[in-house]
Amino acid sequence: MAKLKLNFSEPSHVIGVSLLIGGVIFSVYELVHDPDIFVTTLLKSLALGSVYAILALGFVLIFKATEVVNFSQGSIAMIGALFISFMVADENLPIVGFFWEIKNPIYSLGGPEWLMWTLSVLVALCFAAMLGLVIERLAIRPMIGEPLFSVAVITLGLEIVLRGFANDTVKIQYRNINAPWGTGGFKIGSGFVNWSYFAAMIVAAIAFVAVFFFYRSRMGIAMRAVAHDQEAAMAQGINIGKVFAIAWGAGAVLAALGGLFATQPPVRQTGAVDPEVSLVAFRALPAVILGGLDSVQGALIGGLIVGTAEIYAGQYLSGQTAWLGSGYPLIVPYFVMIIGLLVRPYGLFGTPEIRRV
Amino acid sequence: MLELANVEVVYNEVILVLRGLSIEVPDGQIVALLGANGAGKTTALRAISGLLDNHNGEITKGTVTYNGEVINGRKPSDIVLSGITQVMEGRRVFGELTVDENLICGGITIKDRNQTDEAYERVMDLFPRLAERRKQVAGYLSGGEQQMLAIGRALMASPKLLVLDEPSLGLAPKLIEQIRDIIVDINQQGTSVLLIEQNAMMALSIANFGYIMETGKVVMDGDAKKLLADDDVKEFYLGLHGEDGAKKSFKDVKHYRRRKRWAS
């Protein structure tokens, strides 16, 4: 990673640094002034950041292999969450379950509730991976060698098609997820912490570690090679179709996980899948772009920064709704992204293209 | 033995680039394929390695056979598995990967870890410079080092036939000599080499046999030593003239006076 050199004649650097210093002073003040609220807000923002990070990792995986920003990530997340809902609430297999009743065999086995739930979610994730593979095979593979812009527009079209399928054909209306941690939580002073916060953080950590090590494996190296130079990768005997398929399968699994947590606090309070879930992926987009589209660490850090900014703005600026409006936390990620990009145009951890001088 | 028989390649369904190219690369030999820009040398390489699809090209006639098996139309990964690897023109190393990771990519088709470990050791022996820079990002290597990396990467698949496309491109004369010696070393370790070059002197000095291409077909072939001594080759490719082989000054080249007026 290239070193960040601060240049104080550059206004964006001044804004960035002063925001950072202001943030630190503010945090210390609030920590002393009202520690309960500060700590619960911190946990909440870490949780939201984790959800964004999971979704961002999905973007990064697909981008790093195919150089395409997958705009259909949102509806894949929603359909993934739908699969999970099918498996655990209706106890019915997804995809085929849309049309026929085929019972989820796991619940008939019996056992502790959380174990059956986890196994069902894993099966649902396999279905999500299959969805990713099918999309890749039908819509992306034929476009190998075509301009990337066309492929990006295809994913945009897929977003609309998949969302239409979920909304109109399956008619998702508040389908339950039945999360084993429930909607409960505990209190710290006057603040409230949901159990789902910790679930999101743990899953994000596992996803991050898994992706991090995947990129050091042979397949991961091949994937990066394909992203760098497709023809040269083919000349080494790397099977491009396989690389694309793995990227899309894994990307869809991460999207589905993101969709699962997008139904839970702190993102949404309902704990159920609804059409709004697909919009959460678009809220994660600033996180990816801020972190650098091709960086795994960037997805994690970008997600955490954006999540933190959004929650803290929501918590501490809530007295200012008169002039900010009530939905202002939603634009905070984009604001952060713009400042970040002004300082580092290729994202915090993104690689500027390597050129020999 | 690699054999191209009457290969015709058409790009975009209209541009005829190879017009019945026939060459042979016997086992254990170095064969040079020479030609000027646009003669179709790189297209010949793509026809061998199965990369024509990427450029909207197609073999319309003729066959490429390797050890008796027809390999045209096969996937590039299958061709690598059958023992032919290539060093692409312009090096094409993966700039964002480290040297080691580049080498792993080269051996990706080989499932047997022991074999890739052996190949890795061999590459490190051949290129001590790469051993020093194992953890460095390939994009920051010098041109010569990148060329070594590209050759090393191709060797990771333990090929029986190595096809090099313009390994001398953009390198200093000293480095070209070094690369030439390495090619000889590789050949002596039992790998046959097809050397596609514009630098005729360098290629013919190490090759056993040479082909000279022009506009998509072979116009001359023969023993490398014979080609080196041939007057036409001397004039067209080596810039030498006359019986004594002296270099000719541009001063003595006959120029035609340009017309001073537009033709009316």
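In order, the protein sequence lines correspond to chains A and B. First residue of the first sequence: 1, per our numbering; consecutive thereafter. First residue of the second sequence: 1001, per our numbering; consecutive thereafter. Beta carbons: idealized from backbone N, C-alpha and C, even for Gly.
Subject >> Bridge partner(s) assigned by DSSP for A/R268 >> reply: Per DSSP, none; premise fails for A/R268.
Subject >> Distance between A/A200 and A/M1 (C-alpha atoms, nearest Å) >> reply: Confidence in A/M1 is poor, its pLDDT being 43 and thus under 50, which makes the residue's placement unreliable; the coordinate value appears in the next sentence. So the alpha carbons of these two residues sit roughly 28 Å apart.
Subject >> Residues in the segment 1078–1090 of chain B having any Cβ partner in chain A nearer than 7 Å >> reply: V1080, L1081, Q1086, M1088
Original post:
Shorter than 7 Å from the beta carbon of B/R1046 to some beta carbon of chain A?
Top reply: Closer than 7 Å: no.
Subject >> Stretch pair the segment 1098–1107 of chain B + the segment 220–228 of chain A: three plus CB contacts closer than 8 Å >> reply: yes
Subject >> Test item: CB-CB of B/P1159 and A/M234 under 7 Å >> reply: no
**OP:** Would you verify that the beta carbon of B/T1042 is, or is not, closer than 7 Å to some beta carbon of chain A?
**Re:** no
Original post:
From what residue to what residue does the beta strand (DSSP E) around A/V14 run?
Top reply: Here A/V14 belongs to no beta strand (DSSP E); instead the alpha helix (DSSP H) covers 11–33.
Subject >> Three CB pairs or more closer than 8 Å across the segment 237–246 of chain A and the segment 1111–1129 of chain B >> reply: no
Original post:
In its own chain, which residues sit with a C-beta less than 8 Å from the C-beta of B/L1097, not counting the 5 before and 5 after it?
Top reply: So the qualifying residues of the chain are C1105, V1137, A1138.
Original post:
Quick check: the segment 1122–1131 of chain B against the segment 255–262 of chain A, are there 3 or more CB pairs under 8 Å?
Top reply: Of all C-beta pairs linking the segment 1122–1131 of chain B to the segment 255–262 of chain A, fewer than three are shorter than 8 Å, placing the two stretches out of contact.
**OP:** Count the other C-beta atoms from every protein chain shown that fall within 10 angstroms of the C-beta of A/K187, then say buried if there are 16 or more, exposed otherwise.
**Re:** exposed
Subject >> Proximity to A/N309 [Cα-Cα], best of A/L162, A/G251, A/L20 >> reply: The question names Asn, but residue 309 of chain A in the sequence shown is Ala. Selection A/L162, A/G251, A/L20 evaluated against A/A309 yields A/L20 as nearest (Cα-Cα).
Original post:
Mind checking if B/I1015 is an interface residue toward chain A, Cβ cutoff 7 Å exclusive?
Top reply: no
Subject >> Residues that B/Y1011 bridges to, as DSSP identifies them >> reply: B/I1015, B/G1057
Original post:
Which term fits A/W248, buried or exposed, when burial requires 16 or more other beta carbons within 10 angstroms of its beta carbon?
Top reply: buried
Subject >> Contact under 7 Å by Cβ, A/V243 with A/A65 >> reply: yes
Original post:
If you count every other CB in all the chains shown that lies within 10 Å of the CB of A/N7, and 16 or more means buried, which is it?
Top reply: exposed
Original post:
When you compare only the Cα positions, how much space is there between A/I311 and B/S1142?
Top reply: Between A/I311 and B/S1142, the C-alpha separation is close to 48 Å.
Original post:
Which same chain residues, not among the five before or five after A/L385, have their C-beta less than 7 Å away from its C-beta?
Top reply: This structure does not reach residue 385 of chain A, given that chain A is present from 1 up to 357, and the question cannot be answered.
Subject >> Closer than 6 Å: A/K187 CB and nearest the ligand SAM heavy atom >> reply: Among the components modelled here there is no ligand, and therefore nothing to report on the ligand SAM.
**OP:** Give the residues from the segment 124–149 of chain A that approach chain B closer than 7 Å (Cβ to any Cβ), ordered along the chain.
**Re:** Cβ contacts with chain B: G145.
**OP:** Please go through the same chain and pick out, in chain order, the residues whose beta-carbon is closer than 7 Å to the beta-carbon of A/K103, but skip the five residues on each side of it.
**Re:** Cβ neighbours of A/K103 beyond the five flanking positions: E91, N92.
Subject >> Residue range of the beta strand (DSSP E) that includes B/E1197 >> reply: 1192–1197
Subject >> Residues in the segment 1151–1177 of chain B having any Cβ partner in chain A nearer than 9 Å >> reply: R1153, A1154, M1156, A1157
Original post:
What in chain A is Cβ-close to B/L1097, meaning under 8 Å?
Top reply: Using a Cβ-Cβ cut-off of 8 Å, B/L1097 is close to I221, R224, A225, H228 of chain A, given in chain order.
Original post:
Going by C-alpha distance, which of A/P266, A/V296, A/K5 is nearest A/W195?
Top reply: A/P266
**OP:** May I have the straight-line CA-CA distance separating A/G80 from B/N1072, to the nearest angstrom?
**Re:** 42 Å
Subject >> Short Cβ contact (7 Å threshold) for A/G340 with A/L304 >> reply: no
Subject >> Selection from A/Y334, A/A299, A/W100 that minimises the alpha carbon distance to A/F63 >> reply: Looking at the Cα atoms, A/A299 is the closest of the given residues.
Original post:
In chain B, which residues lie less than 8 Å from A/T351 when you measure between Cβ atoms?
Top reply: E1096
Original post:
What residues of chain A sit near B/L1002, judged by a beta carbon separation below 7 Å?
Top reply: Ordered by position in chain A, no residue passes the 7 Å Cβ test against B/L1002, which lies about 16 Å from the chain.
Original post:
Between A/Y328 and A/G314, what straight-line distance do the alpha-carbon atoms span, to the nearest angstrom?
Top reply: Going from the Cα of A/Y328 to the Cα of A/G314 covers about 8 Å.
Subject >> Stretch-stretch touch, CB-based, cutoff 8 Å, three pairs: the segment 1145–1161 of chain B with the segment 1074–1094 of chain B >> reply: A contact exists between the segment 1145–1161 of chain B and the segment 1074–1094 of chain B.
Subject >> Among B/M1088, B/D1230, B/R1046, nearest to B/I1283 - alpha-carbon criterion >> reply: Since the displayed chain B opens at 1001 and closes at 1264, residue 1283 of chain B lies outside it and no answer follows.
**OP:** Name the one or two DSSP bridge partners that B/T1063 has.
**Re:** B/A1005
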